[in-house]
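A.B. asks: Numbering (full-length UniProt numbering), first residue to last: 1 to 235. Backbone N, C-alpha and C define an ideal beta-carbon position, used for all residues, glycine too. Since we're looking at a predicted model, the values are computed, not measured.
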Amino acid sequence: MQPLYEREELAAITGGPLRPGGLELTGKLLHHSGLAPGATVLDLGCGSGFSLELLIRVYRLVAVGIDPSPLLLAQAGRRAPQATLLQATAQALPCIDGSFAGVVCECVLSLTGDVHLVIREMHRVLRSGGVLLLSDVYAHEKGRFSTSPRATSCVNSTVTLAMMTQALRAADFELLHFWECTDILKQLAGQIIFDYGSLGAFWNVILGQATGQCTHDCTRTGVKLGYYALVAQKR
Numbered sequence: 001m002q003p004l005y006e007r008e009e010l011a012a013i014t015g016g017p018l019r020p021g022g023l024e025l026t027g028k029l030l031h032h033s034g035l036a037p038g039a040t041v042l043d044l045g046c047g048s049g050f051s052l053e054l055l056i057r058v059y060r061l062v063a064v065g066i067d068p069s070p071l072l073l074a075q076a077g078r079r080a081p082q083a084t085l086l087q088a089t090a091q092a093l094p095c096i097d098g099s100f101a102g103v104v105c106e107c108v109l110s111l112t113g114d115v116h117l118v119i120r121e122m123h124r125v126l127r128s129g130g131v132l133l134l135s136d137v138y139a140h141e142k143g144r145f146s147t148s149p150r151a152t153s154c155v156n157s158t159v160t161l162a163m164m165t166q167a168l169r170a171a172d173f174e175l176l177h178f179w180e181c182t183d184i185l186k187q188l189a190g191q192i193i194f195d196y197g198s199l200g201a202f203w204n205v206i207l208g209q210a211t212g213q214c215t216h217d218c219t220r221t222g223v224k225l226g227y228y229a230l231v232a233q234k235r
């Protein structure tokens, strides 16, 4: 089954970047990052390269993109040919310690299945004083969405904000900026409903009738979701 983040249907709804807030939220994070032109930045889960293009063309940063999907990396190479691209997972970054002044990780951490491990990996590849630009879904209470195993998306596994801040502190990050962004998650859900008639209809298109309805039912009755963005600094 093709992962949700590779599906053209979702890209059509979001207008490109496969996450709530799109490049506007990325720009907000970068504005508060303190990263200077020429700094080397990792886009973890770079997808088809929209953020890489922004990092290079607008912010004049040296960008490295990592993604597990060869399909999306090929698209990223066409969109941001100046970027260095690597196929790898977030759990085992093929980068030496202290390689980057910044790491951008947008709506990716909740896909990895091991928040603490991935945060430690991002801390490892950042230089001292480097910044982590992070956005993702969160759960209002501890729990796990029992969606279909065929659906690989950021609703499969979430953590609470308390768990996230605890993981950042445990990895020796200092929180610099935080934004509650749940409204943009609601806007994305509203756009899906506008385009497909209902969230259930969207999942049916993506996964097929039976599996899509099961996934929608599990999501609807599961833990309430929110969305956040933050900038943290490696101590």
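Can you check whether the CB of A167 is closer than 8 Å to the CB of I119?
C.D. replies: Cβ distance < 8 Å, so I119 and A167 count as in contact.
A.B. asks: Can you tell me whether Q87 is buried or exposed? The criterion is at least 16 other CB atoms within 10 Å of its CB, across all chains shown.
C.D. replies: It is exposed - the Cβ of Q87 has fewer than 16 other Cβ atoms within 10 Å.
A.B. asks: To the nearest angstrom, report how far apart F178 and Y228 are at their CA atoms.
C.D. replies: Their backbone Cα atoms lie some 7 Å apart in a straight line.
A.B. asks: Applying the criterion that 16 or more other CB atoms from any shown protein chain within 10 Å of the CB defines a buried residue, is H31 buried or exposed?
C.D. replies: H31 should be labelled exposed.
A.B. asks: Going by C-alpha to C-alpha distance, which of T165, A36, V125 and R124 sits closest to Y138?
C.D. replies: Ranking T165, A36, V125 and R124 by Cα distance to Y138 puts T165 first.
A.B. asks: For A171, is the beta carbon positioned less than 7 Å from some heavy atom of the ligand ZN?
C.D. replies: Looking for the ligand ZN in the displayed structure turns up nothing, as the structure carries no ligands at all.
A.B. asks: Per DSSP, what kind of secondary structure is T160 in: helix, strand or coil?
C.D. replies: Note: T160 maps to coil in three-state DSSP.
A.B. asks: CB L126 to CB L133, shorter than 8 Å?
C.D. replies: It is not a contact, given that the beta carbons lie outside the stated cut-off.
A.B. asks: What's the gap between the Cα of G77 and the Cα of L85?
C.D. replies: Straight-line Cα distance between these residues: approximately 7 Å.
A.B. asks: Using only CA atoms, which one of F173, P70 and C105 lies nearest to L29?
C.D. replies: Checked all of F173, P70 and C105; the closest Cα to L29 is C105.
A.B. asks: Measure the CB-CB distance between V64 and G102 and report whether it falls below 8 Å.
C.D. replies: Against a cut-off of 8 Å, the Cβ pair of G102 and V64 comes out as no contact.
A.B. asks: For F100, which residues in the same chain have their Cβ closer than 7 Å to its Cβ, ignoring the five residues on either side in sequence?
C.D. replies: For F100, where only same-chain residues beyond five positions count, the Cβ hits under 7 Å are T40, V41, L42, V125, L126, R127 and G130.
A.B. asks: Going by DSSP, which residues form a beta bridge with Q187?
C.D. replies: Answer by DSSP bridge pairing: none, since Q187 is not bridged.
A.B. asks: Round the Cβ separation of A52 and L35 to the nearest angstrom and send it over; I've been treating them as touching at under 8 Å.
C.D. replies: A small fix is needed here, since residue 52 is Leu in this sequence, not Ala. Contact flag wrong, Cβ pair sits at about 14 Å.
A.B. asks: Which residue or residues does DSSP assign as beta-bridge partners of T26?
C.D. replies: In DSSP, T26 forms no bridge with anything.
A.B. asks: Here's the rule: buried if 16 or more other CB atoms are within 10 angstroms of the residue's CB, otherwise exposed. What is V58?
C.D. replies: Exposed: under 16 other Cβ atoms inside 10 Å.
A.B. asks: If I measure Cβ to Cβ from H116 and keep anything under 6 Å in the same chain, skipping five residues before and after, which residues do I get?
C.D. replies: Excluding sequence neighbours, H116 sits near A167.
A.B. asks: Look up E141 in the DSSP assignment and say whether it is helix, strand or coil.
C.D. replies: E141: coil per DSSP, three-state reduction.
A.B. asks: Would you kindly work out how many angstroms separate the C-alpha atoms of L188 and L54, rounded to a whole number?
C.D. replies: Computed Cα separation, rounded: 21 Å.
A.B. asks: Do the CB positions of L225 and L185 come within less than 8 Å of each other?
C.D. replies: Yes, the Cβ-Cβ distance between L225 and L185 is below 8 Å.
A.B. asks: Under the rule that 16 or more other beta-carbon atoms within 10 Å means buried, what is A80, buried or exposed?
C.D. replies: That one is buried.
A.B. asks: Three-state secondary structure (DSSP) at V104?
C.D. replies: It is a strand residue.
A.B. asks: Can you tell me where the beta strand (DSSP E) holding A229 begins and where it ends?
C.D. replies: Segment L225 to K234, the beta strand (DSSP E) holding A229.
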